[in-house]
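Chains as they are written, first to last, in this note's numbering: chain A, 1 to 279; chain B, 1001 to 1180.
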């Protein structure tokens, strides 16, 4: 009797709809867990033994994905900082302003050119400039762009891969050496080896690296952005060792910085690192 | 892990820092005052020749980046008579090649690379002339041949190849670029 009463016509409808709603909620919850790739972010920065911090960095997350930017300014006084800050801010502004970024490659390249124009406008005949590395991760796909001598690494399956090329005179020396124009000694001991051949704030900068096609990130992949202050003071093997640890990216980046600072290198350059991990 | 993102997009651990340590450097320094002493010690023993963390500089800087001038040599005899060459802090390599710090064109008796080095030591505020090890030509200061690093004083006449240069200092006893 009771059974019949409970499942009588109007009640049955209510129960069924409650069940449907519950199912819908559970499903959408699982969807969130399953399909929204989670990205952990960490960063760390130190001035080294310089008077000024000329590196700038930032990360931002919205429906377009995750953007991480790192810039290493130059120009002395506080101008280097202002240049790198300007570039990072430009990237953040363009990223938040654009409702639906498509195509992403074009967005990164365009924003790089906009930043260059802004730095040039600000510099007006003073010798200032900045390097730039930026990565944008959208739906688990990695896009990047780079100017100058900052670094983007991808750590995958226990291997560290350098994604971008450094625009320094050393590269041109290597080409000249391979062509037989200069001796190895000259190539390795050139006084201007470390000078940048491309940077933002340079009127006709032509060397711009970017990802031609997106890199599909796998679970456990880590992306590392760092300025030359980190890279010059740390061997790739040391970096690999730290990055392989299972820890939150914030911990890892702090540890990378600690290793660099513990080396107590004279004349340590500004050091900045951002670590992203796909989980 | 609980993390905070500051308006400038820096991530930090709110349990460790009250506000973003990367926006205001003083916060960071207060938080690790032990490290502060160490870095002071470090800079006092720093050697000038360490290349390891060289400052980021552009290759296309005509004026050698932000490096301020500390002295000059002026050609008083030879092909480039009347031309001045800037000397910046620390080592300045002299040669005929365009990538030398002090690039002397036209005098074929000067080696292409590293004919000599003029070095300014900002700590002791003195200038030294170091003859290049691989050059056959002798360098004279005030008509005296030098074979080892020799200190330069203002208005010394340096003879290299078939040219003569007069040395003039800006930094030294009377003036030094401030630390900023």
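C-beta: ideal position from N, C-alpha, C; glycine also.
Below 8 Å on the Cβ atoms is my guess for residue 265 of chain A versus residue 233 of chain A; work out the distance and round it to an integer in Å. Along the first chain, read from residue 1 onward, the residue named residue 265 of chain A stands at position 265. Along the first chain, read from residue 1 onward, the residue named residue 233 of chain A stands at position 233. That pair is a contact at about 5 Å.
Can you tell me whether residue 129 of chain A is helix, strand or coil according to DSSP? Within the first chain, the letter at position 129 stands for residue 129 of chain A. Strand.
For residue 164 of chain A, which residues in the same chain have their Cβ closer than 6 Å to its Cβ, ignoring the five residues on either side in sequence? The residue given as residue 164 of chain A occupies position 164 in the first chain. Once the five neighbours on either side are set aside, the close Cβ partners of residue 164 of chain A are 146, 152 and 209.
Using 8 Å as the threshold, is the stretch 102-110 of chain A in touch with the stretch 79-89 of chain A, meaning 3 or more CB pairs across them? The stretch 102-110 of chain A, when compared against the stretch 79-89 of chain A, does not touch it at the 8 Å Cβ threshold.
Going residue by residue through the stretch 1058-1113 of chain B, where are the continuous beta strand (DSSP E) segments of at least 3 residues, counting only ones entirely within it? 1069-1077, 1084-1088 and 1090-1095
Which two residues bound the contiguous beta strand (DSSP E) that contains residue 278 of chain A? On the first chain, residue 278 of chain A is found 278 positions in, with the first residue counted as 1. Residue 278 of chain A -> beta strand (DSSP E) spans 271-278.
6 Å CB neighbourhood of residue 128 of chain A in its chain, flanking five on each side removed: Counting from one through the first chain, the residue named residue 128 of chain A turns up at place 128. Within the same chain, residue 128 of chain A has close Cβ partners 75, 79, 83 and 201.
Inter-residue spacing [alpha-carbon to alpha-carbon] between residue 1177 of chain B and residue 1069 of chain B: For the purposes of this step, residue 1177 of chain B is taken as residue 177 along the second chain, with counting starting at 1. For the purposes of this step, residue 1069 of chain B is taken as residue 69 along the second chain, with counting starting at 1. Each residue's alpha carbon lies about 9 Å from the other.
Would you call the CB atoms of residue 1147 of chain B and residue 1168 of chain B closer than 8 Å? One-based indexing of the second chain puts residue 1147 of chain B at position 147. One-based indexing of the second chain puts residue 1168 of chain B at position 168. Taking 8 Å as the Cβ cut-off, residue 1147 of chain B and residue 1168 of chain B do not qualify as a contacting pair.
Would residue 1011 of chain B pass as an interface residue toward chain A - the criterion being a Cβ-Cβ separation below 8 Å? Mapped onto the second chain, residue 1011 of chain B falls at position 11. Under the Cβ distance rule, residue 1011 of chain B counts among the residues neighbouring chain A, one pair being separated by less than 8 Å.
With a cut-off of 8 Å on the beta carbons, I'd call residue 271 of chain A and residue 229 of chain A a contact; round off their distance for me. One-based indexing of the first chain puts residue 271 of chain A at position 271. One-based indexing of the first chain puts residue 229 of chain A at position 229. About 4 Å separates the two Cβ atoms, so the contact holds.
Does residue 1142 of chain B come within less than 8 Å of chain A when only Cβ atoms are used? Counting from 1 along the second chain, the entry for residue 1142 of chain B is found at position 142. So no, residue 1142 of chain B is outside the interface.
If I measure Cβ to Cβ from residue 1111 of chain B and keep anything under 6 Å in the same chain, skipping five residues before and after, which residues do I get? Here the question's residue 1111 of chain B lines up with position 111 in the second chain. 1095 and 1135.
With three or more beta-carbon pairs closer than 8 Å as the criterion, would you say the stretch 208-226 of chain A touches the stretch 1004-1013 of chain B? no
Note down the Cα distance separating residue 121 of chain A from residue 90 of chain A, rounded to an integer number of angstroms. By one-based count along the first chain, residue 121 of chain A stands at place 121. By one-based count along the first chain, residue 90 of chain A stands at place 90. Cα to Cα, residue 121 of chain A sits roughly 13 Å from residue 90 of chain A.
Supposed contact pair residue 88 of chain A and residue 69 of chain A - C-beta distance, whole angstroms, cut 8 Å: Here residue 69 of chain A is taken as the residue at index 69 of the first chain, counted from 1. Here residue 88 of chain A is taken as the residue at index 88 of the first chain, counted from 1. That pair is a contact at about 5 Å.
With a threshold of 8 Å between beta carbons, is residue 1128 of chain B in contact with chain A? Taking the first residue of the second chain as 1, we reach residue 1128 of chain B at position 128. So no, residue 1128 of chain B is outside the interface.
I want to verify the contact list: residues of chain A whose CB lies under 8 Å from the CB of residue 979 of chain B, in sequence order. Chain B is shown from 1001 up to 1180; residue 979 of chain B falls before or after that span and cannot be answered.
C-beta neighbour in chain B for residue 225 of chain A, strict 8 Å: Residue 225 of chain A sits at position 225 when you count from the first residue of the first chain. No, because no Cβ of chain B sits closer than 8 Å to the Cβ of residue 225 of chain A.
Taking the beta strand (DSSP E) that residue 161 of chain A belongs to, which residues open and close that run? In the first chain, residue 161 of chain A corresponds to position 161, counting from 1. Per DSSP, residue 161 of chain A belongs to the beta strand (DSSP E) from 159-162.
Enumerate in chain order the residues of its own chain whose CB-to-CB distance from residue 1126 of chain B is below 7 Å, with the five nearest sequence positions on each side excluded. The residue labelled residue 1126 of chain B in the question sits at position 126 within the second chain. Closer than 7 Å at Cβ, skipping near neighbours: 1151.
Can you grab the Cα-Cα spacing for the pair residue 279 of chain A / residue 1072 of chain B, in whole Å? Position 279 of the first chain, counted from the first residue, corresponds to residue 279 of chain A. Position 72 of the second chain, counted from the first residue, corresponds to residue 1072 of chain B. Distance between the alpha carbons of residue 279 of chain A and residue 1072 of chain B is about 59 Å.
Sorted by chain position, which residues of the same chain lie with C-beta nearer than 7 Å to residue 1063 of chain B's C-beta, five sequence neighbours on each side aside? By one-based count along the second chain, residue 1063 of chain B stands at place 63. Summary for residue 1063 of chain B: the model assigns pLDDT 40, below 50, so the residue's position carries little reliability, and this model does not support an answer.
Figure out for me which residue from A/58, A/20, A/53 and A/12 has the closest Cα to the Cα of residue 1012 of chain B. Taking the second chain and counting its residues from 1, the one referred to as residue 1012 of chain B is at position 12. When only C-alpha atoms are compared, the closest one is A/58.
Going along the chain, which residues of the stretch 165-193 of chain A sit with their C-beta nearer than 8 Å to a C-beta in chain B? 168, 169, 186, 190, 191 and 192
Between residue 160 of chain A and residue 215 of chain A, how many whole angstroms is the CB-CB distance? I'm expecting something under 8 Å. Looking up residue 160 of chain A in the first chain gives position 160. Looking up residue 215 of chain A in the first chain gives position 215. In fact, because the Cβ distance is near 14 Å, the residues do not count as touching under 8 Å.
Between which two residues does the beta strand (DSSP E) holding residue 222 of chain A run? The count along the first chain starts at 1 and reaches residue 222 of chain A at position 222. Segment 222-226, the beta strand (DSSP E) holding residue 222 of chain A.
Checking 8 Å against the spacing of the C-beta atoms, do residue 196 of chain A and residue 182 of chain A come in under that value? On the first chain, position 196 is the one that residue 196 of chain A refers to. On the first chain, position 182 is the one that residue 182 of chain A refers to. Cβ atoms of residue 196 of chain A and residue 182 of chain A: not closer than 8 Å.
Own chain partners of residue 50 of chain A with C-beta closer than 6 Å, once the 5 adjacent residues on each side are dropped: Your numbering for residue 50 of chain A matches position 50 in the first chain. The residues are 270.
Give the DSSP-derived three-state secondary structure of residue 42 of chain A in the structure shown. Residue mapping note: residue 42 of chain A aligns to position 42 of the first chain, counting from 1. Residue 42 of chain A falls in the strand class under three-state DSSP.
Nearest-angstrom Cα separation, counted from residue 22 of chain A out to residue 198 of chain A: If you number the first chain from 1, residue 198 of chain A lands on position 198. If you number the first chain from 1, residue 22 of chain A lands on position 22. If I take the Cα positions, the gap works out to 58 Å.
Reference residue 1086 of chain B; option with closest CA among B/1102, B/1093 and B/1079: By one-based count along the second chain, residue 1086 of chain B stands at place 86. Ranking B/1102, B/1093 and B/1079 by Cα distance to residue 1086 of chain B puts B/1102 first.
Tell me, which residues are paired with residue 135 of chain A by DSSP? Your numbering for residue 135 of chain A matches position 135 in the first chain. Note: residue 135 of chain A is bridge-paired with A/68 and A/144 in the DSSP secondary-structure output.
Could you tell me if residue 97 of chain A is buried or exposed, where buried requires 16 or more neighbouring beta carbons within 10 angstroms of its beta carbon? The residue you call residue 97 of chain A lines up with position 97 of the first chain. Exposed is the call here.
Among A/130, A/220 and A/20, which residue has its Cα nearest to the Cα of residue 41 of chain A? Counting from 1 along the first chain, the entry for residue 41 of chain A is found at position 41. For residue 41 of chain A, the closest alpha carbon among the candidates A/130, A/220 and A/20 is that of A/220.
Whose C-alpha, out of A/277, A/261, A/258 and A/237, is nearest the C-alpha of residue 247 of chain A? Within the first chain, the letter at position 247 stands for residue 247 of chain A. Closest by C-alpha distance to residue 247 of chain A, out of A/277, A/261, A/258 and A/237, is A/277.
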